[in-house]
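Encoded as structure tokens, the structure appears first; notes follow it.
In our numbering, the protein residues as written are 181 to 456.
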């Protein structure tokens with residue numbers, strides 16, 4: 181007589197696609213107003229920044245280089261804040277119980293966090309940036325010749341699109357350098373997420389203080405030892421075409437191992453919260 185092998189119950193599985201989909205839908209239903217409100221605030225702030233910039237510069241300061249500076253500075257600042265607010269509810273006992281008792285594994289909750297913070301938010305931010313920058317750029321291209329005497333060169337006035345190879349090696353920001361900026365963004369997001377899970381109150385602020393202290397210590401260390409800070413970013417430099425094994429190892433540690441450990445720390449801290 182044959183016996184059916186009992187399957188693993190969905191509640192004890194580390195990953196279940198149907199359960200993950202339910203978790204994602206529940207998270208969107210609960211947080212969509214907050215996320216849309218966050219994007220609306222960003223749109224208002226960016227509009228104010230554009231008005232001030234164009235007014236002060238007489239419609240000059242909106243070339244591709246300025247757009248790239250706006251894009252990445254805004255992405256780092258708002259991406260850090262967005263990540264720091266992702267686990268805001270855990271700081272409150274009632275909300276924490278609601279979040280942690282959802283029928284999903286720690287792996288699924290961690291994966292949803294990674295998708296929302298490191299993928300979906302940057303995509304939403306990029307879409308908002310491009311949607312607002314394009315009409316402003318058309319206005320600048322139209323008004324600039326009217327406000328200037330003589331011939332005006334508009335070669336640098338094109339829309340900055342992240343990950344788009346503008347000008348090859350002569351681009352405003354090379355694709356290699358952009359990759360380095362994105363890796364730094366994801367590391368900073370993992371850092372603040374781990375901080376908000378580790379500290380009971382004001383986790384985002386405390387993580388910022390710890391990060392600033394580490395930055396100061398790193399600067400002091402480079403000054404005292406005379407170390408070359410550019411060695412930490414040779415992977416993202418177009419000028420550094422020849423790498424030694426030591427430089428490869430150092431950059432792998434900084435840009436792969438450390439961010440990986442930070443995201444792993446987010447998982448561990450989330451798991452510890454579940455056990456408490």
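Ideal Cβ placement from N, Cα and C applies to all residues, glycine included. This structure is a prediction, so every number in the text was calculated from the model and none was measured.
Return the chain-ordered list of same chain residues with a C-beta closer than 7 Å to the C-beta of residue 314, the five sequence neighbours on each side being excluded.
If we look at residue 314 and ignore the five residues flanking it on each side, its Cβ neighbours are 339.
Using only the alpha-carbon positions, how far apart do residue 245 and residue 252 sit?
Residue 245 and residue 252: Cα-Cα distance of roughly 11 Å.
Using 8 Å as the cut-off, can you tell me whether the segment 388-400 makes contact with the segment 279-295, which would need three or more C-beta pairs spanning the two stretches below that distance?
Touching, no, given that fewer than three Cβ pairs across the two stretches are closer than 8 Å.
Taking the C-alpha atoms as reference points, what is the distance between residue 196 and residue 248?
The straight-line gap separating the alpha-carbon atoms of residue 196 and residue 248 is approximately 40 Å.
Can you give the Cα-Cα distance for residue 434 and residue 356, rounded to whole angstroms?
Between the alpha carbons of residue 434 and residue 356 lies a distance of about 16 Å.
Please give the ranges of any alpha helix (DSSP H) in the segment 337-387, keeping only runs that are unbroken, at least 4 residues long and fully inside the region.
As far as the segment 337-387 is concerned, its whole alpha helix (DSSP H) runs of at least 4 residues are 355-378.
Host alpha helix (DSSP H) of residue 171 (start-end)
Residue 171 is absent from the structure shown; the chain starts at 181 and stops at 456.
Where residue 184 sits in the DSSP three-state scheme
At residue 184, the pLDDT of 47 sits below 50, so the modelled position is not reliable; the number obtained from the coordinates is stated separately. Looking at residue 184 - three-state DSSP - the assignment turns out to be coil, as it is neither helix nor strand.
Check whether residue 376 and residue 262 have beta carbons under 9 Å apart:
No, these two residues do not count as a Cβ contact at 9 Å.
Just to confirm, is the Cβ distance from residue 387 to residue 379 under 9 Å?
Cβ distance < 9 Å, so residue 387 and residue 379 count as in contact.
Indicate whether residue 369 and residue 260 have their beta-carbon atoms separated by less than 9 Å.
Yes, Cβ-Cβ distance for residue 369 and residue 260 is below 9 Å.
Burial state of residue 193 (16 or more Cβ within 10 Å)
Residue 193 is classed as exposed because its beta carbon has fewer than 16 other beta carbons within 10 Å across all chains shown.
Between the beta-carbon of residue 302 and the beta-carbon of residue 255, is there less than 9 Å?
Yes.
Within its chain, find whatever has a CB closer than 8 Å to the CB of residue 439; leave out the 5 residues flanking it on each side and keep chain order.
363, 366, 367, 370, listed in sequence order.
C-alpha gap between residue 191 and residue 293, whole angstroms
Residue placement at residue 191 is flagged as unreliable, the pLDDT there being 49, under the threshold of 50; a coordinate-derived value is accordingly withheld.
Quick check: the Cα distance between residue 290 and residue 327, rounded to an integer number of angstroms?
About 53 Å.
Give me the residue from 341, 311, 295 with the minimum Cα distance to residue 200.
Comparing alpha-carbon positions, the option among 341, 311, 295 lying closest to residue 200 turns out to be 295.
Roughly how many angstroms lie between the CA atoms of residue 324 and residue 344, to the nearest whole one?
If you take the alpha carbons of residue 324 and residue 344, they lie about 25 Å apart.
Taking the CB atoms as reference points, tell me whether residue 427 and residue 448 lie closer together than 9 Å.
Not a contact, by the Cβ cut-off of 9 Å.
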